[in-house]
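Quick note: to get my numbering, add 1 to the position in the sequence shown (first position is 1). The beta-carbon is built from N, C-alpha and C at its ideal position, and this holds for glycine as well. Right, one structure below, let's go through it.
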Amino acid sequence: MAFVAFVAMTVALSADVIGREVFSEGVFGAVRFSLFALILCAMAGFGLATANGAHLRPRFLDFLTERTLRRPAARAGNLLSAIILGTFVYAAWKMVSFSLVIGETDLMLGIPMWPIQMAIPVGFGLSAIRYLIYALYPDLAPEEGVLAE
Numbered sequence: 002m003a004f005v006a007f008v009a010m011t012v013a014l015s016a017d018v019i020g021r022e023v024f025s026e027g028v029f030g031a032v033r034f035s036l037f038a039l040i041l042c043a044m045a046g047f048g049l050a051t052a053n054g055a056h057l058r059p060r061f062l063d064f065l066t067e068r069t070l071r072r073p074a075a076r077a078g079n080l081l082s083a084i085i086l087g088t089f090v091y092a093a094w095k096m097v098s099f100s101l102v103i104g105e106t107d108l109m110l111g112i113p114m115w116p117i118q119m120a121i122p123v124g125f126g127l128s129a130i131r132y133l134i135y136a137l138y139p140d141l142a143p144e145e146g147v148l149a150e
């Protein structure tokens with residue numbers, strides 16, 4: 002999904018730039034479409050980073066956690082991440098709900114905004130569930146820096 006959204010975004014922007022440079026006219030709606038593809042790409046990428054343990058985190062305080070406490074600290078970190086993402090889900094859901102209630106549409110493309118915005122609470126929600134699972138079952142958590150195949 003992330004790759005498809007990235008390719009769609011790249012193709013739309015490239016077509017717009019080529020249109021502007023060669024034909025002195027860009028592709029109608031290409032920039033907006035690219036923005037929507039970027040939202041989908043970012044939220045799909047967020048889930049991939051969660052699944053692979055690839056989110057950036059500060060490592061400069063790792064020396065404070067003794068070797069025996071690393072596993073409980075990782076569980077606490079996963080639980081805290083789930084709670085933070087749960088808060089993001091709530092805020093994103095409020096935004097999407099409001100957008101749906103007021104009937105917000107994209108002025109350029111004339112499409113409703115809420116289906117595109119839905120990627121935000123869904124992406125955060127799936128990652129929150131994953132972090133909660135990692136907190137409850139730490140053996141399922143990915144190793145840091147090791148990408149899943």
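Residue range of the alpha helix (DSSP H) that includes residue i
i	result
Val-102	71 to 103
Met-10	3 to 24
Val-32	31 to 53
Distance, residue j Cα to residue i Cα
i	j	result
Arg-60	Gly-104	44 Å
Thr-69	Leu-49	29 Å
Thr-106	Arg-131	32 Å
Val-18	Phe-4	21 Å
Gly-111	Gly-30	10 Å
Ala-38	Glu-67	43 Å
Buried or exposed by the 16-neighbour rule on C-beta atoms within 10 Å, applied to residue i
i	result
Gly-124	buried
Met-44	buried
Asp-63	exposed
Leu-108	exposed
Ala-6	buried
Whole-number beta carbon distance between residue j and residue i, since they are thought to touch under 8 Å
i	j	result
Ser-100	Trp-115	5 Å
Ala-136	Ala-83	6 Å
Glu-145	Gly-54	5 Å
7 Å Cβ cutoff, residue i in contact with chain C
i	result
Met-114	Given the protein chain composition of this structure (a single chain), no chain C is represented.
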